[in-house]
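Heads up: the structure comes next, in structure tokens.
Numbering (our numbering), first residue to last: 521 to 886.
In structure tokens, the structure reads:
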């Protein structure tokens with residue numbers, strides 16, 4: 521009887537710790553953003569063997585210690601068990617792990633006064649291109665996008681057994697597939713354990729583009745013009761589809777969400793830009809997220825079709841795979857020219873009025 525009682529006490533204590541931790545994290549976010557707190561910039565990367573490297577700097581410089589806490593859930597850290605304690609002046613620490621299946625998040629505690637949650641934006645995958653997290657970006661009110669809520673990636677049509685497990689561990693509830701019907705028929709989503717919502721954003725068929733390149737009818741300059749036209753068309757059309765994406769994101773029950781297209785670069789990139797803009801992110805942040813595709817795509821896997829082709833064809837393929845900020849910048853400039861501001865575009869074309877944007881912020885910011 522006493523064992524059962526002790527067990528129940530432990531459960532009750534665990535639930536209480538979770539509640540306290542939720543309050544603690546909210547307080548920590550507030551502390552980090554207060555006017556008297558130093559500005560902390562933290563970054564988490566993974567090295568070549570899978571360890572997490574966490575770096576930071578403060579302005580003004582701080583003295584003291586940094587405690588490091590780790591969790592599989594960015595909303596739940598056990599503050600009683602730090603996994604590291606280093607000098608603030610070190611500016612870097614490494615979390616060594618051989619776990620390549622479960623995504624890790626870290627909370628940094630600076631002298632038990634200022635706190636910051638970080639994660640590695642890119643997600644390690646064998647068969648999925650460009651899978652990464654929209655968490656960790658700061659908006660114009662110094663609030664931060666939540667980790668582990670919205671992901672973006674390339675298509676899920678070549679899913680290894682290990683990647684299926686990794687997706688399970690991410691806890692994704694909804695996939696928003698931006699590809700057209702023909703694309704889906706050629707490369708269907710193999711991960712069917714959760715809700716898949718198809719909201720097609722039309723674009724030119726990949727096979728047609730490949731034929732033009734291999735026949736010498738599309739060269740590097742043509743590829744650049746093609747992408748410029750594509751991004752202008754993103755602005756000029758598809759408003760109803762973007763509105764449908766946003767409606768999915770306004771439903772808390774759909775999270776975590778994965779937004780996917782062919783490479784996770786263009787259509788997913790533009791939709792991600794709309795999401796970040798709705799959350800109050802700056803244009804520089806939008807461009808930073810967009811160009812991160814260049815770091816998260818394995819070009820060697822995608823460009824095998826270019827092997828054996830002449831240098832012109834290879835340069836054309838490379839141009840099409842490049843996430844040049846000039847393309848997204850072109851779209852942003854058109855929005856300013858045609859609508860006056862991003863806010864007016866979001867409201868008029870996407871239906872994201874102030875009320876809906878505030879609702880999205882409640883879900884996605886802390």
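A virtual CB, placed ideally from N, CA and C, is assigned to each residue, including glycine.
If you look at residue 575, you'll find it in the beta strand (DSSP E) that goes 572 to 579. It is roughly 22 Å from the alpha-carbon of residue 680 to the alpha-carbon of residue 571. Among the bridge pairs identified by DSSP, residue 559 is matched with 579. Within the same chain, 850, 851, 854 come within 8 Å of residue 752 by CB-CB distance, once the 5 residues on both sides are set aside.
Residue 637: member of the beta strand (DSSP E) spanning 634 to 639, first to last residue.
Residue environment for residue 574: buried (at least 16 other C-beta atoms within 10 angstroms of its C-beta).
A Cβ-Cβ separation of about 11 Å leaves residue 832 out of contact with residue 737 under the 8 Å criterion.
Nearest Cα to residue 862 within the set 755, 641, 688: 755.
Between residue 884 and the set 803, 846, 848, 772, the nearest pair of CA atoms involves 772. Our two residues, residue 641 and residue 635, have alpha carbons roughly 19 Å apart in a direct line. Ranking 586, 652, 663, 591 by CA distance to the CA of residue 612 puts 586 first.
Rounded to whole angstroms, residue 721 and residue 577 show a C-alpha spacing of 41 Å. At a cut-off of 4 residues, not a single continuous stretch assigned as alpha helix (DSSP H) sits fully inside the segment 650 to 684. With contacts defined by Cβ atoms closer than 8 Å, residue 626 and residue 582 do not form a contacting pair. Here residue 594 is buried: its Cβ has 16 or more other Cβ atoms, across all protein chains shown, within 10 Å. By the criterion of a C-beta distance shorter than 7 Å, residue 774 is surrounded in its chain by 693, 694, 768, once the five residues flanking it on both sides are discounted.
For residue 617, the CB contacts under 8 Å within the same chain, skipping 5 residues up- and downstream, are 570, 571, 572, 624 in chain order. By the criterion of a C-beta distance shorter than 6 Å, residue 806 is surrounded in its chain by 793, 796, once the five residues flanking it on both sides are discounted. For residue 886, the secondary structure class from DSSP, reduced to helix, strand or coil, is coil. Cα atoms of residue 770 and residue 735: separation of roughly 45 Å, rounded to the nearest angstrom. Residue 812 places its beta carbon 8 Å or farther from that of residue 566. Take residue 649, set aside five residues on each side of it, and the residues of its chain with a beta-carbon closer than 8 Å to its own are 673, 674, 675, 783, 784, 816, 817, 818, 821, 822, in chain order.
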